[in-house]
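Colleague:
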Amino acid sequence: MSFPKLGNLAPAFTLPNQRGEPVALKDFRDRHPVVLYFYPKAMTPGCTVQACGIRDRRAAFAELGVVVLGVSPDPVA
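In the working numbering, the protein residues as written are 109 to 185.
1. Hey, could you find the ends of the beta strand (DSSP E) P124 is sitting in?
2. Assuming F136 and V175 make a contact with CB atoms under 8 angstroms, what is their CB distance in whole Å?
3. Please look up how many angstroms separate the CB atoms of G115 and H140, rounded, as I've assumed it's under 8 angstroms.
4. Less than 8 angstroms between C-beta atoms, sequence neighbours within five positions excluded: which residues of the same chain meet that for P112?
5. Under 7 angstroms, do L123 and L144 count as touching if we go by C-beta distance?
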């Protein structure tokens, strides 16, 4: 498997959100720049640190008009 290069566009995809509702990347990407971050499991120490770091920079992302989306293989709650 090869990793995408920083700045490359992600392929179109649709995944369920935490409520099981479909969320399509294109719905965000068509209106705003998007930052995707991936984490292996919610509520684990490393993933929590990562998410908190992104949360702490929320204002900077908002100033740029960027939408941040987190993607995890966790089951829908």
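Glycine residues also receive a C-beta, built at the ideal position from the N, C-alpha and C atoms. Source: prediction; values computed, not measured.
Modeller: On the basis of the data shown:
1. 122-124
2. Right, the Cβ-Cβ distance comes to about 5 angstroms (below 8 angstroms), so this counts as a contact.
3. So it is not a contact: roughly 16 angstroms between Cβ atoms.
4. A118, listed in sequence order.
5. no
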